[in-house]
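**Student:** In my numbering, the protein residues as written are 2 to 386.
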(Lines of atoms letter the chains of each structure in order from A and count residues from 1; the text may use other names and numbers.)
(Lines give C-alpha, C1' and ligand atoms only; values in the text may rest on other atoms or scores of the structure.)
Protein backbone atom coordinates (compact mmCIF):
# COMPACT_ATOMS: atom_id res chain seq x y z
CA UNK A 1 0.00 0.00 0.00
CA UNK A 2 1.49 3.33 -1.05
CA UNK A 3 0.84 6.73 0.32
CA UNK A 4 0.90 9.72 -2.03
CA UNK A 5 2.99 12.39 -0.30
CA UNK A 6 2.97 14.86 -3.16
CA UNK A 7 1.93 18.31 -2.05
CA UNK A 8 0.62 20.73 -4.59
CA UNK A 9 1.51 24.40 -3.98
CA UNK A 10 -0.84 26.88 -5.42
CA UNK A 11 0.86 30.21 -6.32
CA UNK A 12 -1.35 33.18 -5.87
CA UNK A 13 -0.74 35.65 -8.69
CA UNK A 14 0.70 38.97 -7.46
CA UNK A 15 -1.31 42.06 -7.87
CA UNK A 16 0.42 44.50 -10.26
CA UNK A 17 1.44 47.81 -8.67
CA UNK A 18 -0.84 50.61 -9.43
CA UNK A 19 0.54 53.81 -11.02
CA UNK A 20 0.13 55.59 -7.70
CA UNK A 21 2.28 52.99 -5.93
CA UNK A 22 4.97 53.20 -8.61
CA UNK A 23 4.97 56.99 -8.38
CA UNK A 24 5.38 56.89 -4.60
CA UNK A 25 8.29 54.42 -4.92
CA UNK A 26 9.96 56.58 -7.55
CA UNK A 27 9.55 59.70 -5.44
CA UNK A 28 10.99 57.86 -2.44
CA UNK A 29 14.06 56.82 -4.42
CA UNK A 30 14.60 60.35 -5.70
CA UNK A 31 14.20 61.75 -2.21
CA UNK A 32 16.81 59.34 -0.81
CA UNK A 33 19.20 60.18 -3.63
CA UNK A 34 18.71 63.92 -3.07
CA UNK A 35 19.22 63.44 0.66
CA UNK A 36 22.45 61.49 0.14
CA UNK A 37 23.79 64.01 -2.38
CA UNK A 38 22.91 66.88 -0.03
CA UNK A 39 24.76 65.19 2.82
CA UNK A 40 27.82 64.70 0.62
CA UNK A 41 27.72 68.33 -0.52
CA UNK A 42 27.41 69.51 3.08
CA UNK A 43 30.38 67.35 4.11
CA UNK A 44 32.49 68.76 1.27
CA UNK A 45 31.44 72.32 2.10
CA UNK A 46 32.19 71.77 5.78
CA UNK A 47 35.64 70.39 4.92
CA UNK A 48 36.34 73.35 2.62
CA UNK A 49 35.23 75.89 5.24
CA UNK A 50 37.32 74.17 7.91
CA UNK A 51 40.41 74.26 5.69
CA UNK A 52 39.79 77.90 4.76
CA UNK A 53 39.73 78.74 8.47
CA UNK A 54 42.43 76.39 9.79
CA UNK A 55 44.78 75.92 6.82
CA UNK A 56 44.14 78.72 4.31
CA UNK A 57 47.57 78.16 2.74
CA UNK A 58 46.04 75.30 0.73
CA UNK A 59 44.05 77.91 -1.17
CA UNK A 60 47.22 79.84 -2.01
CA UNK A 61 48.96 77.07 -3.92
CA UNK A 62 48.07 77.92 -7.51
CA UNK A 63 50.64 78.37 -10.27
CA UNK A 64 50.15 79.40 -13.88
CA UNK A 65 51.45 81.88 -16.44
CA UNK A 66 50.64 84.90 -14.27
CA UNK A 67 50.53 83.53 -10.72
CA UNK A 68 53.05 81.93 -8.40
CA UNK A 69 51.44 80.37 -5.31
CA UNK A 70 48.45 82.59 -6.14
CA UNK A 71 50.69 85.70 -6.06
CA UNK A 72 50.81 87.89 -9.20
CA UNK A 73 53.90 87.55 -11.36
CA UNK A 74 54.48 90.82 -13.18
CA UNK A 75 57.57 92.07 -14.92
CA UNK A 76 58.56 95.68 -15.35
CA UNK A 77 59.55 97.27 -18.65
CA UNK A 78 63.11 95.94 -18.31
CA UNK A 79 61.96 92.37 -17.77
CA UNK A 80 62.50 91.71 -14.06
CA UNK A 81 60.33 91.73 -10.93
CA UNK A 82 60.06 94.90 -8.91
CA UNK A 83 60.12 98.62 -9.70
CA UNK A 84 62.07 99.90 -12.68
CA UNK A 85 65.48 101.30 -11.78
CA UNK A 86 66.91 104.02 -14.04
CA UNK A 87 70.22 103.31 -15.70
CA UNK A 88 71.77 106.48 -14.27
CA UNK A 89 72.66 106.37 -10.58
CA UNK A 90 71.70 109.23 -8.30
CA UNK A 91 74.32 111.15 -6.37
CA UNK A 92 75.40 109.17 -3.31
CA UNK A 93 73.25 106.19 -4.28
CA UNK A 94 74.37 102.69 -3.36
CA UNK A 95 73.14 100.13 -5.85
CA UNK A 96 72.83 96.38 -5.31
CA UNK A 97 71.99 93.87 -8.04
CA UNK A 98 70.71 90.46 -6.94
CA UNK A 99 71.43 87.72 -9.45
CA UNK A 100 69.91 84.28 -9.01
CA UNK A 101 67.42 81.68 -10.11
CA UNK A 102 63.90 80.97 -8.85
CA UNK A 103 65.07 81.15 -5.22
CA UNK A 104 65.91 84.84 -5.76
CA UNK A 105 63.18 85.53 -8.32
CA UNK A 106 60.73 84.52 -5.60
CA UNK A 107 58.79 81.47 -6.71
CA UNK A 108 55.86 81.19 -4.34
CA UNK A 109 55.98 84.71 -2.86
CA UNK A 110 54.83 88.20 -3.75
CA UNK A 111 57.47 90.49 -5.19
CA UNK A 112 57.57 92.57 -1.99
CA UNK A 113 58.46 89.41 -0.04
CA UNK A 114 61.48 88.48 -2.14
CA UNK A 115 64.67 88.78 -0.17
CA UNK A 116 66.24 91.50 -2.41
CA UNK A 117 63.28 93.83 -1.88
CA UNK A 118 63.16 93.01 1.83
CA UNK A 119 66.88 93.89 1.93
CA UNK A 120 65.98 97.20 0.28
CA UNK A 121 63.41 97.85 3.00
CA UNK A 122 65.90 97.00 5.76
CA UNK A 123 68.42 99.42 4.26
CA UNK A 124 65.79 102.13 3.88
CA UNK A 125 64.94 101.78 7.57
CA UNK A 126 68.60 102.55 8.35
CA UNK A 127 68.93 105.47 5.97
CA UNK A 128 66.06 107.68 4.72
CA UNK A 129 66.07 107.91 0.93
CA UNK A 130 66.73 111.66 1.05
CA UNK A 131 69.82 111.06 3.17
CA UNK A 132 71.46 108.07 1.55
CA UNK A 133 69.52 106.27 -1.22
CA UNK A 134 69.79 102.52 -1.63
CA UNK A 135 68.57 100.70 -4.71
CA UNK A 136 68.18 96.93 -4.93
CA UNK A 137 67.34 95.21 -8.21
CA UNK A 138 66.03 91.65 -8.19
CA UNK A 139 67.08 90.28 -11.57
CA UNK A 140 66.83 86.62 -10.58
CA UNK A 141 65.07 84.41 -13.09
CA UNK A 142 63.79 80.86 -12.89
CA UNK A 143 66.14 78.20 -14.22
CA UNK A 144 69.16 80.49 -14.66
CA UNK A 145 72.62 78.98 -14.34
CA UNK A 146 75.64 80.73 -12.88
CA UNK A 147 77.20 80.94 -16.35
CA UNK A 148 74.05 82.61 -17.68
CA UNK A 149 74.18 85.10 -14.82
CA UNK A 150 77.79 85.97 -15.61
CA UNK A 151 76.85 86.51 -19.24
CA UNK A 152 73.78 88.59 -18.33
CA UNK A 153 75.81 90.69 -15.92
CA UNK A 154 78.47 91.45 -18.50
CA UNK A 155 76.05 92.24 -21.32
CA UNK A 156 73.28 94.05 -19.45
CA UNK A 157 73.32 94.51 -15.69
CA UNK A 158 76.83 95.91 -15.33
CA UNK A 159 75.57 98.99 -17.18
CA UNK A 160 73.64 99.89 -14.02
CA UNK A 161 76.99 100.28 -12.22
CA UNK A 162 76.14 98.35 -9.04
CA UNK A 163 78.35 98.67 -6.00
CA UNK A 164 77.46 95.17 -4.81
CA UNK A 165 76.43 92.05 -6.71
CA UNK A 166 74.77 89.28 -4.73
CA UNK A 167 74.10 85.69 -5.75
CA UNK A 168 72.00 83.16 -3.87
CA UNK A 169 73.39 79.85 -5.08
CA UNK A 170 70.85 77.04 -5.20
CA UNK A 171 71.65 73.34 -5.38
CA UNK A 172 70.12 73.21 -8.85
CA UNK A 173 72.88 75.52 -10.14
CA UNK A 174 75.41 72.73 -9.61
CA UNK A 175 73.24 70.39 -11.67
CA UNK A 176 72.81 73.08 -14.35
CA UNK A 177 76.57 73.60 -14.54
CA UNK A 178 77.00 69.90 -15.28
CA UNK A 179 74.08 69.59 -17.70
CA UNK A 180 75.15 72.64 -19.74
CA UNK A 181 78.92 72.14 -19.44
CA UNK A 182 79.38 71.91 -23.22
CA UNK A 183 76.92 74.66 -24.13
CA UNK A 184 77.65 78.37 -24.45
CA UNK A 185 76.26 80.76 -21.85
CA UNK A 186 73.12 82.60 -22.87
CA UNK A 187 71.01 85.48 -21.71
CA UNK A 188 68.30 84.32 -19.27
CA UNK A 189 64.89 84.77 -20.85
CA UNK A 190 63.61 87.94 -19.20
CA UNK A 191 60.18 87.57 -20.78
CA UNK A 192 57.56 90.30 -20.56
CA UNK A 193 54.01 89.02 -20.15
CA UNK A 194 52.59 92.42 -20.98
CA UNK A 195 49.02 93.37 -20.22
CA UNK A 196 47.41 90.39 -21.94
CA UNK A 197 44.24 89.46 -20.09
CA UNK A 198 43.85 85.85 -18.93
CA UNK A 199 41.49 83.71 -20.97
CA UNK A 200 38.15 82.51 -19.63
CA UNK A 201 39.68 79.08 -19.06
CA UNK A 202 42.53 80.64 -17.08
CA UNK A 203 40.15 82.73 -14.98
CA UNK A 204 38.01 79.71 -14.17
CA UNK A 205 41.09 77.69 -13.32
CA UNK A 206 42.32 80.47 -11.03
CA UNK A 207 38.99 80.55 -9.21
CA UNK A 208 39.15 76.78 -8.76
CA UNK A 209 42.69 77.24 -7.46
CA UNK A 210 41.32 79.27 -4.55
CA UNK A 211 39.69 76.15 -3.13
CA UNK A 212 41.58 74.46 -0.30
CA UNK A 213 40.11 70.97 -0.39
CA UNK A 214 41.38 69.87 -3.84
CA UNK A 215 44.93 70.98 -2.99
CA UNK A 216 44.72 69.37 0.45
CA UNK A 217 43.65 66.04 -1.05
CA UNK A 218 46.30 66.22 -3.77
CA UNK A 219 49.18 67.06 -1.43
CA UNK A 220 48.06 64.58 1.21
CA UNK A 221 48.02 61.87 -1.45
CA UNK A 222 51.52 62.84 -2.58
CA UNK A 223 52.79 62.79 1.00
CA UNK A 224 51.41 59.29 1.43
CA UNK A 225 52.93 58.11 -1.86
CA UNK A 226 56.37 59.41 -0.85
CA UNK A 227 56.21 57.71 2.53
CA UNK A 228 54.92 54.47 1.00
CA UNK A 229 57.79 54.51 -1.48
CA UNK A 230 55.54 54.70 -4.54
CA UNK A 231 57.08 58.10 -5.35
CA UNK A 232 60.81 58.56 -4.81
CA UNK A 233 63.71 60.90 -5.55
CA UNK A 234 65.64 58.81 -8.02
CA UNK A 235 67.51 60.80 -10.68
CA UNK A 236 65.74 59.48 -13.76
CA UNK A 237 68.40 60.52 -16.28
CA UNK A 238 71.97 60.78 -14.91
CA UNK A 239 72.94 62.73 -18.05
CA UNK A 240 70.48 65.46 -17.06
CA UNK A 241 70.31 65.34 -13.25
CA UNK A 242 68.02 68.32 -12.71
CA UNK A 243 67.20 69.28 -9.16
CA UNK A 244 68.90 69.62 -5.81
CA UNK A 245 70.18 66.12 -5.10
CA UNK A 246 73.29 66.01 -7.30
CA UNK A 247 74.81 68.89 -5.34
CA UNK A 248 74.19 66.91 -2.16
CA UNK A 249 76.28 63.99 -3.45
CA UNK A 250 73.24 61.79 -3.99
CA UNK A 251 74.17 58.13 -3.65
CA UNK A 252 72.60 56.30 -6.60
CA UNK A 253 74.02 53.31 -8.43
CA UNK A 254 74.05 54.82 -11.90
CA UNK A 255 75.28 58.24 -10.72
CA UNK A 256 79.03 57.98 -10.14
CA UNK A 257 81.05 60.01 -7.67
CA UNK A 258 83.14 61.14 -10.66
CA UNK A 259 80.04 62.75 -12.19
CA UNK A 260 79.26 64.48 -8.91
CA UNK A 261 82.84 65.76 -8.64
CA UNK A 262 82.70 66.91 -12.25
CA UNK A 263 79.47 68.80 -11.58
CA UNK A 264 81.10 70.67 -8.71
CA UNK A 265 84.16 71.37 -10.88
CA UNK A 266 81.90 72.82 -13.59
CA UNK A 267 80.21 74.99 -10.99
CA UNK A 268 83.58 76.21 -9.67
CA UNK A 269 84.55 77.19 -13.21
CA UNK A 270 81.33 79.19 -13.60
CA UNK A 271 81.96 80.85 -10.23
CA UNK A 272 85.37 81.94 -11.53
CA UNK A 273 83.72 83.43 -14.62
CA UNK A 274 81.20 85.36 -12.55
CA UNK A 275 83.84 86.65 -10.16
CA UNK A 276 85.96 87.82 -13.09
CA UNK A 277 83.04 89.76 -14.62
CA UNK A 278 82.04 91.37 -11.32
CA UNK A 279 85.64 92.36 -10.55
CA UNK A 280 86.18 93.70 -14.06
CA UNK A 281 83.25 96.07 -13.65
CA UNK A 282 84.35 97.22 -10.21
CA UNK A 283 81.66 95.75 -7.93
CA UNK A 284 81.89 93.61 -4.81
CA UNK A 285 80.58 90.04 -4.98
CA UNK A 286 78.61 88.47 -2.10
CA UNK A 287 77.59 84.81 -2.26
CA UNK A 288 74.95 83.02 -0.21
CA UNK A 289 73.46 79.54 -0.40
CA UNK A 290 69.76 78.76 -0.64
CA UNK A 291 69.45 75.56 1.41
CA UNK A 292 66.86 72.89 0.87
CA UNK A 293 64.35 72.46 3.64
CA UNK A 294 65.84 69.10 4.59
CA UNK A 295 69.16 70.93 5.14
CA UNK A 296 67.58 72.95 7.95
CA UNK A 297 67.02 69.94 10.19
CA UNK A 298 66.62 66.17 10.08
CA UNK A 299 63.09 66.28 11.51
CA UNK A 300 60.09 64.87 9.68
CA UNK A 301 58.63 68.39 9.74
CA UNK A 302 61.37 69.46 7.31
CA UNK A 303 61.26 66.30 5.20
CA UNK A 304 57.68 65.97 4.00
CA UNK A 305 58.79 64.22 0.81
CA UNK A 306 60.77 61.57 2.68
CA UNK A 307 64.17 62.30 1.12
CA UNK A 308 66.56 59.52 2.30
CA UNK A 309 69.03 61.74 4.13
CA UNK A 310 71.48 58.86 4.61
CA UNK A 311 72.09 58.94 0.84
CA UNK A 312 73.35 62.55 0.90
CA UNK A 313 77.15 62.66 1.07
CA UNK A 314 77.93 66.37 0.57
CA UNK A 315 77.01 69.47 2.56
CA UNK A 316 76.50 72.05 -0.25
CA UNK A 317 76.63 75.03 2.10
CA UNK A 318 80.02 73.96 3.44
CA UNK A 319 81.33 73.16 -0.06
CA UNK A 320 80.30 76.56 -1.44
CA UNK A 321 81.81 78.31 1.59
CA UNK A 322 85.11 76.53 0.87
CA UNK A 323 85.00 77.52 -2.82
CA UNK A 324 84.37 81.14 -1.85
CA UNK A 325 87.16 81.15 0.75
CA UNK A 326 89.62 79.86 -1.83
CA UNK A 327 88.70 82.78 -4.11
CA UNK A 328 88.50 85.47 -1.44
CA UNK A 329 84.76 85.88 -2.07
CA UNK A 330 82.59 86.91 0.88
CA UNK A 331 80.29 83.99 1.75
CA UNK A 332 77.06 84.68 3.67
CA UNK A 333 75.94 81.92 6.05
CA UNK A 334 72.27 81.98 5.09
CA UNK A 335 71.69 78.43 6.33
CA UNK A 336 72.22 79.36 9.96
CA UNK A 337 70.40 82.66 9.41
CA UNK A 338 67.30 80.71 8.36
CA UNK A 339 67.65 78.41 11.36
CA UNK A 340 67.97 81.37 13.70
CA UNK A 341 65.09 83.16 11.99
CA UNK A 342 62.91 80.11 12.54
CA UNK A 343 63.87 79.93 16.21
CA UNK A 344 62.99 83.59 16.74
CA UNK A 345 59.66 83.37 14.91
CA UNK A 346 58.72 80.15 16.68
CA UNK A 347 59.28 81.80 20.05
CA UNK A 348 57.21 84.80 19.00
CA UNK A 349 54.31 82.87 17.49
CA UNK A 350 54.19 79.81 19.70
CA UNK A 351 54.33 77.44 16.73
CA UNK A 352 57.12 76.26 14.46
CA UNK A 353 57.69 78.51 11.45
CA UNK A 354 58.13 76.50 8.25
CA UNK A 355 60.28 79.12 6.41
CA UNK A 356 59.40 77.42 3.09
CA UNK A 357 56.41 77.51 0.80
CA UNK A 358 54.05 74.59 1.20
CA UNK A 359 55.27 71.13 0.15
CA UNK A 360 58.38 72.56 -1.51
CA UNK A 361 61.89 71.94 -0.24
CA UNK A 362 63.55 74.47 -2.55
CA UNK A 363 61.72 77.78 -2.22
CA UNK A 364 61.54 80.00 0.85
CA UNK A 365 58.37 81.74 1.96
CA UNK A 366 58.29 85.35 3.12
CA UNK A 367 59.75 84.44 6.52
CA UNK A 368 62.64 82.56 4.95
CA UNK A 369 63.24 85.37 2.47
CA UNK A 370 63.38 87.86 5.36
CA UNK A 371 65.99 85.72 7.12
CA UNK A 372 68.15 85.74 3.98
CA UNK A 373 67.79 89.51 3.62
CA UNK A 374 68.84 89.91 7.24
CA UNK A 375 71.91 87.74 6.65
CA UNK A 376 73.07 89.90 3.72
CA UNK A 377 72.28 93.19 5.48
CA UNK A 378 75.46 93.66 7.60
CA UNK A 379 77.74 92.77 4.69
CA UNK A 380 76.00 95.26 2.40
CA UNK A 381 76.37 97.88 5.12
CA UNK A 382 80.10 97.14 5.33
CA UNK A 383 80.38 97.58 1.57
CA UNK A 384 78.96 101.07 1.92
CA UNK A 385 81.97 102.32 3.88
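Think of the CB as a built atom: it goes at the ideal place given N, C-alpha and C, for glycine as much as any other residue.
Remember, it's a predicted structure, so these values are computed and weren't measured experimentally.
1. In chain order, what residues of the same chain lie with their CB nearer than 7 Å to the CB of residue 153, ignoring the 5 residues before and after it?
2. Would you grab the beta carbon distance between residue 253 and residue 235 for me? Rounded to a whole angstrom, and I think it's under 8 Å.
3. Contact check, residue 58 vs residue 214 under 8 Å by CB: the rounded distance?
4. Could you give the DSSP three-state label for residue 236: helix, strand or coil?
5. Between 117, 331, 293 and 99, which has its C-alpha nearest residue 359's C-alpha?
6. On the criterion of 16 or more Cβ atoms from any shown chain inside 10 Å, does residue 231 qualify as buried, or is it exposed?
7. What does the alpha-carbon distance come out to for the pair residue 219 and residue 282?
8. Near residue 256, what residues of its chain come up, given a Cβ to Cβ distance below 6 Å and the 5 sequence neighbours on each side ignored?
9. Does the separation of the CB atoms of residue 147 and residue 268 fall below 9 Å?
10. Can you look up residue 144 in the DSSP assignment and give me helix, strand or coil?
11. With distance defined between alpha-carbon atoms, name the residue in 95, 295, 111 and 128 nearest to residue 64.
12. Given this structure, state the Cα-to-Cα distance separating residue 377 from residue 128, to the nearest angstrom.
13. Buried or exposed: residue 330, going by 16 or more other Cβ atoms within 10 Å of its Cβ?
14. Does the separation of the CB atoms of residue 171 and residue 290 fall below 9 Å?
15. For residue 105, which residues of its own chain have a beta-carbon under 6 Å away from its beta-carbon, when the five flanking residues on both sides are left out?
16. With a threshold of 16 other CB atoms inside 10 Å of the CB of residue 338, please say whether the residue is buried or exposed.
17. For residue 331, report the span of its alpha helix (DSSP H) as first-last.
18. Can you tell me which of the three DSSP states residue 174 falls into?
19. Report back the beta-carbon spacing between residue 279 and residue 295 to the nearest angstrom; my notes put them in contact at under 8 Å.
20. Here's a check: name, in chain order, each residue in its chain whose Cβ is nearer than 8 Å to the Cβ of residue 93, leaving out the five neighbours to either side.
21. Give the DSSP bridge partners of residue 381, in chain order.
22. Of the choices 116, 108, 150 and 162, whose alpha-carbon is the least far from that of residue 86?
23. In chain order, what residues of the same chain lie with their CB nearer than 6 Å to the CB of residue 95, ignoring the 5 residues before and after it?
24. Look at residue 114 and residue 370 and say whether their C-beta atoms are less than 9 Å apart.
**Tutor:** So, to answer that:
1. 188 and 189
2. 7 Å
3. Their Cβ separation, rounded to whole angstroms, is 13 Å, which puts residue 58 and residue 214 out of contact at 8 Å.
4. coil
5. 293
6. exposed
7. 49 Å
8. 236 and 239
9. yes
10. coil
11. 111
12. 16 Å
13. buried
14. yes
15. 99, 141 and 169
16. buried
17. Residue 331 -> not in any alpha helix (DSSP H); beta strand (DSSP E) instead, spanning 331 to 333.
18. helix
19. The Cβ separation is near 31 Å, so there is no contact.
20. 133 and 134
21. None, per the DSSP bridge assignment.
22. 162
23. 135, 164 and 385
24. yes
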